[in-house]
Amino acid sequence: MTPIDSDHVLAGRARVGQAIRDLGHSFAGHHADADFLNEAASLLEALITQFDHRDVRRRDPATFGDHVLYSYEEGPIGETYPDRPVSGSASPWGLDTEIHREGDDLIAYVTLRAAHEGAPGRSHGGVVAALFDDIFGFVQGVINITAFTGQLTITYRAGTPLHTRLACRVRAGEQNGRKVIMSGELTVVETGQLVAEAHSVFITVDRETLVASMNQADD
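Numbering (numbering that gives the first Met the number 0), first residue to last: 0 to 218.
Encoded structure:
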């Protein structure tokens, strides 16, 4: 199992994650000649080799599904796991979200950038879907459950603009047995325009049983 990272390592991983994300957007959003591209590729390939010669990281199962152990307070919410795709500070795929709790709602503020482009000037729909799925996961910290996505439905109401501050607002609704219904909207902060809606069904699990099964699989 990977040892617990020190504060210095966590800060370093967050810095590298941010640099990788920024590099992706810089690469996607700018022209470069073949010579420069080949030089950049060689530098990156050398870094990859250096990382690959280091110990493999494995997430401790005990760090998963711990929403049942605490509740998110009103206001800004810190990250739950630095390597978490979409919202993790160390994730190469992160969207640099700012997450807040307002009552029973969770709001993630985000600005999608060049590497997220699908149609010209607009986000790829899969990025929007990933955003909803990840932020729905934070609802577990409001209602104190551990759950997995069972179903996710996105309705796209308009093109999702790039380089524009957006708000992804989500909440829990009806709970029927192990099923928890959630809903949410993605809007443009400046104008309030609705660009997408989402509905999901999350399936609750017993955290202790889940962690035990993960530990058994690792043995």
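All C-beta atoms, glycine included, are put in the ideal place defined by N, C-alpha and C. Keep in mind the model is a prediction, meaning the values are calculated, not measured.
Compute the Euclidean distance between the alpha carbons of residue i and residue j, then round it to the nearest angstrom.
i    : j    : result
R20  : A113 : 10 Å
E196 : G102 : 20 Å
S41  : T48  : 11 Å
F219 : L46  : Nothing can be reported for residue 219, as the shown portion of the chain is limited to 0 through 218.
F35  : V210 : 47 Å
H30  : H24  : 12 Å
V179 : G158 : 29 Å
L43  : T79  : 29 Å
G28  : P119 : 12 Å
E207 : D51  : 33 Å
T186 : Q215 : 43 Å
W92  : P84  : 6 Å
V126 : M181 : 19 Å
L22  : A39  : 11 Å
P160 : F26  : 19 Å
E189 : Q174 : 33 Å
Which residues in the same chain have their Cβ closer than 6 Å to the Cβ of residue i, if we skip the five residues on either side of it in sequence?
i    : result
T110 : R164
A128 : I153
H198 : T152, S182
If the criterion is Cβ atoms closer than 8 Å, does the pair residue i and residue j meet it?
i    : j    : result
L193 : R170 : no
K204 : F147 : Here the sequence assigns Val to residue 204, which means Lys is not the residue at that position. Taking 8 Å as the Cβ cut-off, V204 and F147 qualify as a contacting pair.
R53  : E72  : no
F137 : L105 : yes
A107 : E116 : no
S86  : N143 : no
R12  : D6   : no
G140 : A89  : no
C167 : G191 : no
L9   : P75  : no
May I ask you to list the residues that DSSP assigns as paired with residue i?
i    : result
Q174 : V179
H198 : T152, S182
V8   : In the DSSP output, where bridge partners are listed per residue, V8 has none listed.
S122 : E116
A166 : Y108, T186
T203 : A146
L193 : T186
CB-CB under 7 Å to residue i, same chain, minus the five flanking residues each way: which ones, in chain order?
i    : result
H162 : T110, R112
D132 : T148, L151
A61  : V210
G176 : none
Output needed for residue i: all residues of its chain with C-beta closer than 8 Å, excluding positions within five of it in sequence on either side, in chain order.
i    : result
H123 : H115, E116, G117
**Message:** If we require 3 or more residues per run, which beta strand (DSSP E) segments fall completely within the segment 25–80?
**Reply:** none
**Prompt:** Can you list, in chain order, the stretches of the beta strand (DSSP E) that have 3 or more residues and sit fully within the segment 76–108?
**Reply:** 97–101
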